[in-house]
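Chemist:
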Amino acid sequence: MTNDATGLNGQKPTWLTFDCYGTLIQWDEGLLAAMDAILSSKGGGIDRDAFIKVYDHHEHALEQQSPHRTFKAVTAKALELAMVEFGLSFDPADADLMTSSIGRMPPFPEVVETLSTLKAAGFRLAIISNTDDAIIAGNVAQLGGVIDRVITAEQAQAYKPSSKIFRHAWSTLGIEPAELVHICASPHLDLAAARELGFRTVWVDRGTGRKPLPDYRPNVVVPTLDKVPSLFAAAGWM
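First residue of the sequence shown? That's 23 in the working numbering, and the numbers climb one at a time after it.
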């Protein structure tokens with residue numbers, strides 16, 4: 023694991039693929055705000071962090087079940103199950119608030135300018151995300167119009183870390199893994215898939231406390247997305 027260009031070996035990528043939430047979009051901040059709004063409507067008094075932990079558990083479990091559910095359906099069921107555990111009444115409006123909040127979550131401050139820099143350098147840019155087309159549309163609209171393709175779990179009928187969504191993305195883009203670098207903030211989804219499938223990764227470690235898997239080393243680690251162009255330049259890619 024390195025924070026310099028020495029970890030970027032192999033051919034120059036034609037495509038850069040990105041995780042969306044937590045990498046480009048402020049997921050944690052947005053999730054906290056959404057959960058505050060939902061829990062306050064129930065009268066308050068619930069430990070938000072404990073509730074989110076239970077919600078996350080149900081969300082990830084539901085994503086791995088068959089048949090495939092849309093992320094909107096996953097969100098609704100995960101909220102309902104979490105509320106049952108905390109003795110709260112569930113209303114479908116709670117899930118609507120959650121999914122509508124996701125689409126409004128803004129990018130991190132450095133993201134739009136950095137994506138524009140990478141686009142101007144000739145890279146093609148794609149997002150691979152565990153979400154639905156309708157939900158992510160609001161986020162993509164905030165990214166400066168530079169994203170070439172958006173691949174969702176809804177399209178692939180599979181959620182990360184399944185290899186299915188990545189293989190679907192590569193087929194859609196018409197590329198092999200050697201032709202891309204994947205930039206992500208999620209170790210237990212994206213980096214787990216990279217460990218299995220062998221594609222190159224830049225891990226954006228935003229200081230959330232999430233750590234890489236103990237048996238996998240990303241090619242490069244950066245604290246924020248704006249560190250990527252200089253690393254690519256040092257690798258001779260820009």
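Heads up, the beta-carbon is just placed ideally off N, CA and C, and yes, glycines get one too.
Which residues in the same chain have their Cβ closer than 6 Å to the Cβ of G29, if we skip the five residues on either side of it in sequence?
Modeler: The answer, listed in chain order, is N241, V242.
Chemist: Verify whether the separation of the beta carbon atoms of R222 and T194 is less than 8 Å.
Modeler: No, Cβ-Cβ distance for R222 and T194 is not below 8 Å.
Chemist: Let's see if you can read the secondary structure: which residues bound the beta strand (DSSP E) around H204?
Modeler: 202-206 is the span of the beta strand (DSSP E), which, as asked, contains H204.
Chemist: Could you give the distance in angstroms between the alpha-carbon of I60 and the alpha-carbon of N152?
Modeler: 22 Å
Chemist: With a threshold of 8 Å, are at least 3 pairs of Cβ atoms found where one atom belongs to the segment 99-114 and the other to the segment 70-82?
Modeler: The segment 99-114 vs the segment 70-82: in contact.
Chemist: Please go through the segment 49-82 and give each complete alpha helix (DSSP H) segment of 4 or more residues, from N-terminal end onward.
Modeler: 49-62
Chemist: Compare the beta carbon distance of L46 and V133 with 8 Å and say whether it is the shorter of the two.
Modeler: yes
Chemist: Run through DSSP, which three-state label would I149 get?
Modeler: strand
Chemist: Within the continuous alpha helix (DSSP H) that includes T97, where are the two ends?
Modeler: 93-107
Chemist: Can you tell me whether DSSP reads T10 as helix, strand or coil?
Modeler: No answer is possible for residue 10: the residues shown for the chain start at 23 and end at 260.
Chemist: So what's T174 in DSSP terms, helix, strand or just coil?
Modeler: strand
Chemist: Does DSSP put R222 in a helix, a strand or coil?
Modeler: Three-state result, R222: strand.
Chemist: Can the beta-carbon of F112 be found less than 8 Å from the beta-carbon of I68?
Modeler: No, these two residues do not count as a Cβ contact at 8 Å.
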